[in-house]
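**Student:** Here it is, the structure in full.
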Amino acid sequence: MKNKELAEIFNRIADALEFQGANVFRVIAYRKAARTLEELAEDIAVLNKQKRLDSLPGIGRAIAEKINEYLTTGKMKKYDEVTKAIPAQLLNMLDIQNLGPKTLALAHKELGVKDLKNLKKVIEDGSLAKLPQMGNKKVENIKKGIEFYERGHERMSLEIAEETANRIVEYLSKKAKITKITPAGSLRRCKESVGDIDILATGKQGAKIIKHFTRFPETKRILAAGATKGSIILKGGIQVDLRIVDPKSYGAALQYFTGSKAHNVRLRNIAKFKGLKLSEYGLFRDKKMISGKNEQEIYNILGLIYIPPEMREDRGEVELALKNELPRLIELKNIKGDLHAHSTYSDSTATIKQLADFAQKLGYEYILITDHSKSARYAHGVEQKRLYRQWEEIDNVNNKMKRLHVLKGAEVDILPNGKIDYSDKILKKLDLVIASIHQGFTRNVTERMCAAMDNPYVDIIAHPTGRLISSREGYTIDIYRVMEKAAATGTWLELNAYPDRLDLNDVNLKAAKEMGIKIAIGTDAHNIEGLLWMRFGIATARRGWLESKDVVNTHPFKNLLRSRKINKK
DNA sequence: GCCGTTTTCGGCCCGACTGTTTTCAGTCG
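Residues 63 to 631 (our numbering) make up the first sequence, in order.
Here it is as structure tokens:
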């Protein structure tokens, strides 16, 4: 699929245009098209062939033509033009904090800066500081930006973001005079990875609170400290922004700082259309504030029903909210059991009994034990003899449990040769079977997965794309074809709730739902606490617009096994 | 460059902070 490739190209064109000082809205247009392509589950080439490009948001005639040009000739004139005119290394530097397109262009034009090495040189010899509008402090900030840039600035997992935000909220709540405080931004939207942490608070003495904030023990550097806004970098490199607003603006500020940017633009447009103005301070008619305290009220006055933060990405939620047709998103309390958990039989530290006890404590009706199959040597995969022993143990545990059912499952490897790692004879005896790829990430993954789904005993495909958020792209795979096969065979696809996986991701989940595919949420726990990751699974499911009915482990125990594909034919 | 319950042309969100300046430009979110 060329989707990602094209997205990259359009982002690159946007960078170049920005550098050249083009109309900012043209730049935004290219970025929007790039975003659409990044999030598209379907193959852009297929859409192009069917002449359906104009149905995509942010893609009009000009960009559609460019896409077609690239898909048919392998080239794009516009892209060649801009990359020829501007060295790639120059555009990369736009990622440096405090160094924007204007300054970079100035340095390029006046001092001949072409790469990072040049830039450092003109900083050191003082020539950059002498340019118009520049000065020592500005240059100093760019220098700090370079340091940050060179260390690498990865996004953090949702789990780390949550922990970090909690620590800061606790610190601020203790001493500063704050009436309300909450994380906002992408953390509140539960995005799979968080770039920096936004926190919103109310209080009378903004400057004092900000000052206290900058003294947070983990602070490494203070980026800004005003009367209503402060910004710090923690020792681990995480940036945290704090905004203080008046209580009467709390709802508007919460709405604004939760974002996403694209979602907010839509809302402000609607406000404008109604002759109103929406800002982080409130909703205004002329100069008069008509709402601001309460977030929900703002949505309602604009004619929308309340949109949950997880949906606020401008992926069609605004249109549905206008028509009062938003899905009723799944909640953690709808979950009746965990469908992916490892025990000490393979590579977990938790015994079956411990998992069962904790699952019961969580209020579950069932838990599926899914240890690795025999070929997974790295994970102490379970061979036949030990599998039988595990079944005995599960029977014993079940006898002791009050309410909870421990189910016999397995996470069976789909081997590089396409075979399933247990015989059908064994699979048949299991309550539920998960199949997954752990080897041969580039070898016919799509075909192997599709073949696995043809097996009537394979109920679930685990972490279907194989990506690790922090470190790995994922398998070489056509996820759309995999989803088509899942829909055709009635195989469930997993939403793996392990914070570094969250796979399927939000965008793929939404596509899967539209195709009628059922989702199984499993934590992939390798210890007791891992079962608590379910909340990240739920957050991601909500980002994928899933409702209770789309997720199989919202079924009560008596219906769960009945809904297997083998029992439906 | 996109898009339309307005407007097929003319909009396209808007404010805080900083640093450079004496009224504003650049960057960021």
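Using N, Cα and C, we set each Cβ at its ideal position, and we do this for glycine too. Since this is a predicted model, take the numbers as computed values, not measurements.
Hey, could you find the ends of the beta strand (DSSP E) S498 is sitting in?
**Tutor:** Counted from its first residue, the first sequence places residue 498 at position 436. Its beta strand (DSSP E) spans residues L494 to S498.
**Student:** How many Å lie between V307 and L316 at the Cα?
**Tutor:** Here the question's residue 307 lines up with position 245 in the first sequence. Here the question's residue 316 lines up with position 254 in the first sequence. Distance between the alpha carbons of V307 and L316: 10 Å.
**Student:** Distance, Cα to Cα, K239 vs S248?
**Tutor:** Translated into the one-based positions of the first sequence, residue 239 becomes position 177. Translated into the one-based positions of the first sequence, residue 248 becomes position 186. When rounded, the distance between both Cα atoms is 26 Å.
**Student:** I121: which of K140, Y141, E221 and A91 sits nearest, CA to CA?
**Tutor:** Start at 1 with the first residue of the first sequence, and residue 121 comes out as number 59. Minimum Cα distance to I121 is reached at A91.
**Student:** Compute the distance between the beta-carbons of A582 and N615, then report whether it is under 9 Å.
**Tutor:** Indexing the first sequence from 1 puts residue 582 at position 520. Indexing the first sequence from 1 puts residue 615 at position 553. Yes, they are a contact pair.
**Student:** Should D400 and A601 be called a contact, given that it needs their Cβ atoms to be closer than 9 Å?
**Tutor:** On the first sequence, residue 400 is found 338 positions in, with the first residue counted as 1. On the first sequence, residue 601 is found 539 positions in, with the first residue counted as 1. No, these two residues do not count as a Cβ contact at 9 Å.
**Student:** Quick check: what's the CA-CA separation for R529 versus S255?
**Tutor:** Residue mapping note: residue 529 aligns to position 467 of the first sequence, counting from 1. Residue mapping note: residue 255 aligns to position 193 of the first sequence, counting from 1. Going from the Cα of R529 to the Cα of S255 covers about 13 Å.
**Student:** From what residue to what residue does the alpha helix (DSSP H) around Q301 run?
**Tutor:** Locating residue 301 in the first sequence gives position 239, counting from the first residue. Q301 -> not in any alpha helix (DSSP H); beta strand (DSSP E) instead, spanning Q301 to V307.
**Student:** Who does R283 pair with in a DSSP beta bridge?
**Tutor:** Working through the first sequence from its first residue, we reach residue 283 at position 221. DSSP output for R283 lists I295 as bridge partner(s).
**Student:** Work out the CA separation of L594 and N567 for me, nearest whole Å.
**Tutor:** Here residue 567 refers to the residue found at position 505 of the first sequence. Here residue 594 refers to the residue found at position 532 of the first sequence. Straight-line Cα distance between these residues: approximately 19 Å.
**Student:** Rounded C-beta distance between A412 and N558? I'm assuming under 8 Å.
**Tutor:** Position 350 of the first sequence holds residue 412. Position 496 of the first sequence holds residue 558. Their Cβ separation, rounded to whole angstroms, is 17 Å, which puts A412 and N558 out of contact at 8 Å.
**Student:** Can you have a look at D303 and say buried or exposed, based on whether 16 or more other CB atoms are within 10 angstroms of its CB?
**Tutor:** The residue given as residue 303 occupies position 241 in the first sequence. By the 10 Å Cβ count, D303 comes out buried.
**Student:** With H, G and I counted as helix, E and B as strand and the rest as coil, what does DSSP make of P163?
**Tutor:** As a working mapping, residue 163 is identified with position 101 in the first sequence. DSSP places P163 in helix when its eight states are reduced to three.
**Student:** Is the region 369-376 close to the region 251-265, with three or more CB pairs under 8 Å?
**Tutor:** Yes: at least three Cβ pairs fall under 8 Å.
**Student:** Taking the beta strand (DSSP E) that R387 belongs to, which residues open and close that run?
**Tutor:** Taking the first sequence and counting its residues from 1, the one referred to as residue 387 is at position 325. The sequence as given places Glu at residue 387; Arg does not occur at that position. From DSSP, E387 is part of no beta strand (DSSP E); its letter is neither H nor E.
**Student:** For the beta strand (DSSP E) containing Y519, list its first residue and its last residue.
**Tutor:** Sequence index remark: in the first sequence, residue 519 carries index 457 (1-based). Y519 -> no beta strand (DSSP E), and no H or E assigned at all.
**Student:** Determine the extent of the beta strand (DSSP E) in which M351 is found, giving its start and end residues.
**Tutor:** Taking the first sequence and counting its residues from 1, the one referred to as residue 351 is at position 289. Its beta strand (DSSP E) spans residues K350 to S353.
**Student:** What did DSSP end up calling H442 once you bin it into helix, strand or coil?
**Tutor:** Locating residue 442 in the first sequence gives position 380, counting from the first residue. Note: H442 maps to coil in three-state DSSP.
**Student:** Report the CB separation of A441 from I429 in whole angstroms; it is logged as a contact under 8 Å.
**Tutor:** Indexing the first sequence from 1 puts residue 441 at position 379. Indexing the first sequence from 1 puts residue 429 at position 367. No, A441 and I429 are not in contact; Cβ-Cβ is about 19 Å, not under 8 Å.
**Student:** Could you have a look at D260 and say whether DSSP puts it in helix, strand or coil?
**Tutor:** Taking the first residue of the first sequence as position 1, residue 260 is located at position 198. DSSP places D260 in strand when its eight states are reduced to three.
**Student:** Determine, using beta carbons only, whether D260 and R305 come nearer to each other than 9 Å.
**Tutor:** The residue given as residue 260 occupies position 198 in the first sequence. The residue given as residue 305 occupies position 243 in the first sequence. Their beta carbons are under 9 Å apart, which means D260 touches R305 by this criterion.
**Student:** Using the rule of at least 16 other Cβ atoms within 10 Å of the residue's Cβ for burial, across every protein chain shown, is Q452 buried or exposed?
**Tutor:** Reading the first sequence from its first residue, position 390 is the one you call residue 452. Looking at its Cβ environment, which holds 16 or more other Cβ atoms inside 10 Å, Q452 is buried.
**Student:** Where do the N-terminal and C-terminal ends of the beta strand (DSSP E) with S235 fall, by residue?
**Tutor:** The residue given as residue 235 occupies position 173 in the first sequence. Unbroken run through S235 is the alpha helix (DSSP H), L220 to K237; no beta strand (DSSP E).
**Student:** If you draw a straight line from the alpha carbon of L388 to that of T98, how long is it in whole angstroms?
**Tutor:** Mapped onto the first sequence, residue 388 falls at position 326. Mapped onto the first sequence, residue 98 falls at position 36. Their Cα atoms are separated by approximately 21 Å.
**Student:** Indicate whether the contact test is met: 3 or more Cβ pairs, each with one atom in the region 505-518 and one in the region 526-545, closer than 8 Å.
**Tutor:** Contact holds: three or more Cβ-Cβ distances are below 8 Å.
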